[in-house]
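Asker: Have a look at this one before I ask anything.
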Ligand SMILES: NC(=O)c1ccc[n+]([C@@H]2O[C@H](COP(=O)([O-])OP(=O)(O)OC[C@H]3O[C@@H](n4cnc5c(N)ncnc54)[C@H](OP(=O)(O)O)[C@@H]3O)[C@@H](O)[C@H]2O)c1
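Residue numbers (the working numbering): 94 to 453.
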């Protein structure tokens with residue numbers, strides 16, 4: 094049997110799998126202070142969660158209808174969690190949930206629409222349970238070559254970053270109530286291979302100059318990484334952790350907006366080698382969401398089930414940019430945010446009372 098990754102390494106073909114985050118010219122070193130796992134690029138989501146019992150836990154996975162999100166939902170449910178899976182279409186979420194054995198529940202979420210985000214978070218809060226795992230997985234990659242705006246903001250940034258920024262904010266109260274709440278942000282290597290020189294062009298969020306689909310995608314994925322970095326700092330001292338990750342390069346529906354020819358190229362590259370299977374692609378998300386090794390690991394970036402520090406010319410660990418991004422994101426979404434001085438225990442109490450009175 095051919096080892097796909099080894100084969101590609103030898104043939105030098107990995108450099109061409111750059112579209113969604115292939116990597117050359119960067120070095121990664123193991124992050125100091127984070128326990129190493131025995132898992133790697135070949136591990137699957139089932140393998141990394143083997144023996145972990147998630148019974149009684151509540152998880153949310155955004156973008157559960159295909160690719161990595163579906164596999165993440167399937168495996169978390171298989172391990173006993175109740176998993177709320179979201180899609181822009183309730184019908185599609187229902188169909189995905191019915192394909193996953195175990196306890197799953199569909200919800201509608203359009204990340205480019207703040208009302209939809211608030212409604213979805215409110216519906217999840219009504220589940221009356223602490224939220225243990227929140228996987229911000231849904232992602233958008235455009236293919237038209239022209240900038241599109243959502244509320245005046247470039248679409249990749251709006252969906253991949255700002256949408257999840259508001260969603261996390263609305264669910265933080267429930268995460269506080271978990272014994273150990275975990276926020277898992279699915280980013281991409283594109284965060285350092287494709288992002289603009291400045292990292293995030295905070296003066297160009299309306300995409301008035303220099304637009305390119307992959308550059309905009311890379312910028313939004315860097316925003317995912319910096320979001321987790323800043324969350325990790327802000328949540329220090331609480332029991333909530335936040336980490337970001339690159340899942341690998343996987344032939345999913347992420348290329349749905351690309352031209353047919355690019356889709357064929359992507360399919361060929363991922364199937365010939367260098368790419369992961371979907372089962373492998375969901376491994377890092379499931380590992381970060383559940384591993385007992387990571388109870389107090391926060392603000393880190395993972396690839397192939399281990400925390401890595403990316404060296405060289407990039408903004409992956411840029412704390413001042415993360416802080417600035419947070420401030421700008423807050424200003425852009427202010428009308429949809431709730432403030433968190435602490436856990437909203439009153440809210441939780443009210444929900445528990447409601448459930449009790451319904452049962453009586
Ligand atoms: N595949 C790769 O090689 C690769 C590499 C690096 C990073 N990633 C990241 O991995 C994550 C999962 O991607 P995937 O590869 O599994 O792609 P996928 O098969 O296209 O899945 C993306 C999911 O996101 C949801 N989604 C898309 N736009 C949305 C929006 N506006 N609002 C709410 N949900 C939306 C989709 O749900 P509906 O269409 O049902 O609404 C779908 O379930 C993404 O964040 C992606 O950036 C993927």
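Every residue gets a Cβ at the ideal spot worked out from N, C-alpha and C, and that includes glycine. Note that the structure is a prediction, hence the values are computed from the model and not measured.
To the nearest angstrom, how far is it from the Cα of residue 375 to the Cα of residue 287?
Answerer: Going by the C-alpha atoms only, they are around 22 Å apart.
Asker: Which runs of the beta strand (DSSP E) fall wholly inside the segment 127-202 and span at least 3 residues, in chain order?
Answerer: Counting whole runs of 3 or more residues, the segment 127-202 contains the beta strand (DSSP E) stretches 151-154, 175-180 and 197-201.
Asker: Quick check on residue 115: buried or exposed, where buried means 16 or more other Cβ atoms within 10 Å of its Cβ?
Answerer: The predicted model places residue 115 with a pLDDT of 44, which falls under 50 and marks its position as unreliable; any figure quoted below should be read in that light. Residue 115 is buried by the Cβ-count criterion.
Asker: If I'm right that residue 225 touches residue 162 with Cβ under 8 Å, what's the distance once you round it to whole angstroms?
Answerer: That pair is no contact at about 17 Å.
Asker: Any idea what DSSP makes of residue 293, helix, strand or coil?
Answerer: Three-state DSSP puts residue 293 in coil, outside helix and strand.
Asker: Quick check on DSSP: helix, strand or coil for residue 393?
Answerer: Of the three classes helix, strand and coil, the one that applies to residue 393 here is coil, per DSSP.
Asker: Determine the direct distance from the alpha carbon of residue 239 to that of residue 303, and round the result to whole angstroms.
Answerer: Straight-line Cα distance between these residues: approximately 10 Å.
Asker: Can you tell me whether DSSP reads residue 277 as helix, strand or coil?
Answerer: Strand at residue 277.
Asker: Where residue 324 and residue 386 are concerned, what is the direct C-alpha to C-alpha distance, given to the nearest angstrom?
Answerer: If you take the alpha carbons of residue 324 and residue 386, they lie about 19 Å apart.
Asker: Bridge partners of residue 217, per DSSP?
Answerer: None; residue 217 has no bridge partner.
Asker: Alpha carbon to alpha carbon, what distance is there between residue 364 and residue 134?
Answerer: Their Cα atoms are separated by approximately 15 Å.
Asker: Find out if the Cβ-Cβ distance for the pair residue 280, residue 314 is shorter than 7 Å.
Answerer: Contact: yes.
Asker: Run the proximity test for residue 402: is its beta-carbon closer than 6 Å to any non-hydrogen atom belonging to ligand 1?
Answerer: Not so, every heavy atom of ligand 1 lies at least 6 Å from the Cβ.
Asker: Among 399, 222 and 291, which one has its Cα closest to the Cα of residue 130?
Answerer: If we check each option's Cα against that of residue 130, 399 comes out closest.
Asker: Kindly identify the DSSP beta-bridge partner or partners of residue 228.
Answerer: Paired residues: 154 and 277.
Asker: Could you tell me the distance, in whole angstroms, from the CA atom of residue 142 to the CA atom of residue 410?
Answerer: About 28 Å.
Asker: Pop quiz: residue 166 and residue 193 are said to be a contact at Cβ under 8 Å. What is the actual Cβ separation, rounded to whole angstroms?
Answerer: Going by Cβ atoms, the distance from residue 166 to residue 193 rounds to 6 Å, so yes, they are a contact pair.
Asker: Does ligand 1 have a heavy atom nearer than 6 Å to the CB of residue 361?
Answerer: Not under cutoff, so the answer is no.
Asker: Residue 242 bridges to which residues according to DSSP?
Answerer: Answer by DSSP bridge pairing, in chain order: 247.
Asker: Residue 179 and residue 155: beta carbons closer than 7 Å?
Answerer: Contact: yes.
Asker: Applying the 10 Å Cβ sphere with the 16-neighbour rule, what's the burial state of residue 125?
Answerer: That one is exposed.
Asker: Taking the beta carbon of residue 404 as the centre, do at least 16 other beta carbons fall within 10 Å, making it buried, or is it exposed?
Answerer: Under this definition residue 404 is an exposed residue.
Asker: Sort 278, 243 and 259 by Cα distance to residue 232 and report the nearest one.
Answerer: For residue 232, the nearest C-alpha among the options comes from 278.
Asker: As an exercise, report each continuous beta strand (DSSP E) stretch of at least 3 residues that is fully enclosed by the segment 338-412, in chain order.
Answerer: As far as the segment 338-412 is concerned, its whole beta strand (DSSP E) runs of at least 3 residues are 394-396 and 399-404.
Asker: Taking residue 309 as part of the alpha helix (DSSP H), name the residues at either end of that continuous run.
Answerer: Taken as a continuous stretch (DSSP letters only), the alpha helix (DSSP H) holding residue 309 covers 306-327.
Asker: What does the alpha-carbon distance come out to for the pair residue 395 and residue 183?
Answerer: Distance between the alpha carbons of residue 395 and residue 183: 31 Å.
Asker: Would a C-beta distance cut-off of 7 Å place residue 148 and residue 346 closer than the cut-off?
Answerer: Contact: no.
Asker: If we ignore side chains and look at the alpha-carbon of each, how far apart do residue 244 and residue 251 end up?
Answerer: Cα-Cα distance, rounded: 8 Å.
Asker: Tell me whether residue 36, by its Cβ, gets closer than 6 Å to a heavy atom of ligand 1.
Answerer: This structure gives no information on residue 36, because the portion of the chain shown stretches from 94 to 453.
Asker: How many angstroms separate the CA atom of residue 388 from the CA atom of residue 144?
Answerer: Approximately 16 Å, taken between the alpha carbons.
Asker: Is residue 415 helix, strand or coil when you go by DSSP?
Answerer: It is helical.
Asker: For the alpha helix (DSSP H) that residue 283 lies in, which residues bound it at each end?
Answerer: Element bounds for residue 283: 283-286.
Asker: Would you say residue 425 touches ligand 1, meaning its beta carbon is less than 6 Å from a heavy atom?
Answerer: Residue 425: no, Cβ never under 6 Å from ligand 1.
Asker: Give the secondary structure of residue 252 by DSSP, where H, G and I count as helix, E and B as strand, and everything else as coil.
Answerer: Helix, per DSSP.
Asker: Ligand 1 and residue 148: does any heavy atom of the ligand fall closer than 6 Å to the residue's C-beta?
Answerer: No - ligand 1 has no heavy atom lying nearer than 6 Å to the Cβ of residue 148.
Asker: When the distance is taken between beta carbons, is residue 415 closer than 7 Å to residue 322?
Answerer: Yes, these two residues count as a Cβ contact at 7 Å.
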